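First comes the structure, then the notes that go with it.
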Amino acid sequence: MKGWWGRILRVDLTNNKVWVQEYPEEVAKNFIGGRGLAAWILWNEAKNVDPLGPENKLVFASGPFNGLPTPSGGKMVIAAKSPITGGYGDGNLGTMATVHLRKAGYDAIVVEGKAKKPVYLYIEDDNVSILSAEGLWGKTTFETEKELKEIHGKNVGVLSIGPGGENLVKYAVVISQEGRAAGRPGMGAVMGSKKLKAVVIKGTKEIPVADKEKLRELSQEAYDAILNSPGYPFWHRQGTMAAVEWTNENSALPTRNFSDGSFEFARSIDGYTMEGMKVKQRGCPYCNMPCGNVVLDADGQESELDYENVALLGSNLGIGKLNEVSVLNRIADEMGLDTISLGVSISYVMEAKEKGIIKDDDAPEFGDFKKAKQLALDIAYRRGELGNLAAEGVKVMSEKLGAKDFAMHVKGLEVSGYNCYIYPGMALAYGTSAIGAHHKEAWVIAWEIGTAPIEGEKAQKVEYKITYDPEKAAKVIELQRLRGGLFEMLTACRLPWVEIGLSLDYYPKLLEAITGVKYTWDDLYKAADRVYALIRAYWVREYNGNWSRGMDYPPERWFKEGLKSGPYKGQHLDKEKYDALLSEYYKLRGWDERGIPKKETLKELNLEFVIPELEKVTKLE
């Protein structure tokens with residue numbers, strides 16, 4: 051094979067064993083890499099397992115774009131059965147670890163079992179060691195990476211967990227490079243459950259590619275197109291932070307636990323304020339449009355911001371000072387906690403306090419930075435009754451407190467940075483995301499509104515009419531095929547295309563130059579549909595067939611309440627119309643009315659091997 055190694059590094063921590071598995075070329079071609087490879091592994095190997103038990107598999111997966119000079123191709127997917135949702139979980143991050151993994155001669159690492167004491171994995175090409183991490187256990191992710199680079203040199207990739215992962219916080223993540231995070235659905239907790247503190251990788255091999263000169267030529271052309279894009283200068287200034295103003299103008303900014311869509315202090319936490327505070331920028335490997343804007347926080351320490359962090363730890367908590375929001379963001383990164391789920395969990399506590407459901411004096415109220423900071427640390431260490439409860443996420447909190455109406459999650463995963471009282475397309479994207487309520491797979495709200503945040507230097511407030519047209523379901527699928535399919539399999543960042551307008555045509559051409567395989571767009575869409583159907587089948591199997599279309603509904607708040615302010619005050623989603631949109635989505639995907647892929651669809655996608663497993667738990671159409 052060219053472009054793929056066809057090799058997976060296997061690690062059994064229970065038996066202290068390491069070996070290499072070769073996988074078939076057909077799997078590489080059908081699933082491409084990244085999320086596709088991870089989903090294939092988990093379907094075959096993580097059957098009805100306890101997410102935090104030794105039988106769960108933790109997958110670090112790369113794709114053909116990684117370790118090579120491809121536009122923003124420095125991504126890695128980390129996947130496992132999720133402890134917060136009980137279904138498929140993954141996330142990607144930009145990290146030198148993906149470059150070194152590929153140069154070490156592997157497409158993925160699969161970790162199983164559980165070490166008796168804390169360990170870390172050191173990979174240097176074919177030399178792989180399981181080493182003691184007892185001296186690292188308890189340290190932050192920043193401290194861990196710094197220490198491991200002092201030991202193994204700066205030219206390595208490091209992935210680590212903080213106290214959040216060690217203490218099995220259900221939304222703990224894996225961190226790299228002081229602010230790059232992966233695995234919102236608890237991948238850090240899975241890593242912690244295995245007593246695996248870190249993975250350090252150093253690779254020196256040359257990745258086999260089909261056409262080196264064509265790859266070099268196409269890559270240079272794409273990099274030049276990015277730099278020459280009209281949107282580049284403004285992107286370079288604000289990155290994703292431009293979305294604060296845009297969502298606020300369009301009643302979509304999460305505010306006080308998603309109870310409203312605009313925030314009176316939005317200007318104090320937006321991209322312009324960030325510009326005045328910025329001290330440096332960081333980017334992922336092979337990226338020439340860095341999005342990591344670093345500011346000094348209220349404690350005088352560096353904190354890398356993006357839109358999601360600021361929306362969920364700022365306006366959603368009623369906190370209107372960016373230097374304070376930045377402290378919460380840095381704590382999340384140091385502790386190895388997902389900023390989105392942390393923000394939504396704290397905002398749930400704040401609203402429960404406001405409603406008198408939580409009576410704890412230490413519980414923060416909206417706008418209380420000091421108590422929010424303390425709760426974030428208590429969550430990481432599972433300190434106290436409240437910290438321990440909030441570490442479970444909003445679904446469990448709402449069930450234990452008997453207050454589900456304002457629990458903002460889908461399938462157990464907290465909603466990210468877009469409030470959807472008036473945006474049924476984006477609500478559908480949340481409802482049908484492969485991992486729970488996450489935006490990365492179908493950021494359809496920009497199309498739905500009709501404007502994107504990085505089109506000029508001033509966010510546009512547009513005339514918008516709420517519609518439930520069938521084309522919205524089609525658009526969600528189109529974006530899922532690209533954002534949640536193509537980019538997650540390659541594995542590459544979607545921002546050059548989304549924000550700068552890099553032509554999508556570069557991607558199949560680059561893939562062919564790397565692998566020698568000519569993929570048509572139909573082939574790539576089919577591969578994406580294959581991965582989505584396999585992931586959905588995984589959810590149904592792991593839920594023992596107890597699946598219904600209700601699993602694809604957004605939070606009840608968006609149906610029952612209305613926006614509190616702005617031009618759309620009082621408006622909210624219509625459940626019957628959303629239901630019709632969901633049916634349209636299922637029809638287009640070839641899934642039944644429960645949201646389960648039909649036999650015919652599975653056969654068309656070359657997923658015949660899924661049918662016998664699913665038929666053990668449910669009847670297929």
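FYI, in our numbering the residues of the sequence shown are 51 to 671.
Every residue, glycine too, gets a C-beta built ideally from N, C-alpha and C.
These figures come from a predicted structure and were not determined experimentally.
In the DSSP annotation of this structure, the continuous segment of the beta strand (DSSP E) that includes I159 starts and ends at A158 to E162. Residue state for K252 is assigned as strand, using DSSP reduced to three classes. With the rule of 3 Cβ pairs closer than 8 Å, the stretch 305–320 counts as touching the stretch 354–373.
For K614, there is no enclosing beta strand (DSSP E), since its DSSP letter is neither H nor E. Taking C-beta separations shorter than 8 Å and ignoring five residues to either side along the sequence, the partners of Q621 in its chain run Y471, I472, I516, G612 and L613, following chain order. Residue pairing of K576 in beta bridges, as defined by DSSP: absent, with no partner found.
For G342, the beta-bridge partners assigned by DSSP are R332. Contact holds between the stretch 380–394 and the stretch 344–363, because three or more Cβ pairs, one in each stretch, are under 8 Å apart.
Pairing P101 with A129 gives a Cβ-Cβ distance that is not under 8 Å. In the DSSP annotation of this structure, G212 is not part of any alpha helix (DSSP H), being labelled neither H nor E. Per DSSP, the continuous beta strand (DSSP E) segment holding F110 begins and ends at L108 to A111. Residues of the same chain with a CB within less than 6 Å of the CB of R230, apart from the 5 flanking positions on each side, are L143, G144 and T145 in chain order. Spatial neighbours of V249 in its own chain (CB-CB distance under 6 Å, excluding positions within 5 residues in sequence) are listed in chain order as L171 and L209. A Cβ-Cβ contact shorter than 8 Å links Y518 with L631. Between the alpha carbons of G645 and A78 lies a distance of about 27 Å.
According to the DSSP secondary-structure assignment, A222 is paired through a beta bridge with L387. Residue environment for Q270: exposed (fewer than 16 other C-beta atoms within 10 angstroms of its C-beta). Closest option to E193, judged by alpha-carbon separation, among G207, M385 and I485: M385.
The Cβ neighbour count for F659, taken over all protein chains shown within 10 Å, is under 16; the residue is labelled exposed.
Judged by pairs of C-beta atoms under 8 Å, the stretch 396–410 does not touch the stretch 228–244, as fewer than three such pairs exist.
N98 sits away from T541, with the two beta carbons spaced by 8 Å or more. Partner residues in a beta bridge of P133, as assigned by DSSP, do not exist. Between V259 and L268, the C-beta gap is not smaller than 8 Å, which leaves the two residues out of contact.
Contact check for P604 against G467 fails: the beta carbons are separated by 8 Å or more.
By DSSP's assignment, Q71 forms a beta bridge with I58.
Here P114 is buried, its C-beta having at least 16 other C-beta atoms within 10 Å.
S122 is classed as buried because its beta carbon has at least 16 other beta carbons within 10 Å across all chains shown. The way I'd put it, the stretch 283–302 doesn't touch the stretch 591–598; fewer than three beta-carbon pairs between them come closer than 8 Å. Beta-bridge analysis with DSSP links I128 to F110 and G141. If you look at L536, you'll find it isn't in any beta strand (DSSP E); DSSP assigns it neither H nor E. If you ignore the 5 residues before and after D410, its C-beta comes within less than 7 Å of the C-beta of L436, all in its own chain and listed in chain order. If you draw a 10 Å sphere on the C-beta of V224, you find 16 or more other C-beta atoms in it, and that means buried. For the pair E404 and V377, the Cα-to-Cα distance works out to about 24 Å. Looking at the backbone, the Cα of Q530 and that of A492 are separated by about 5 Å.
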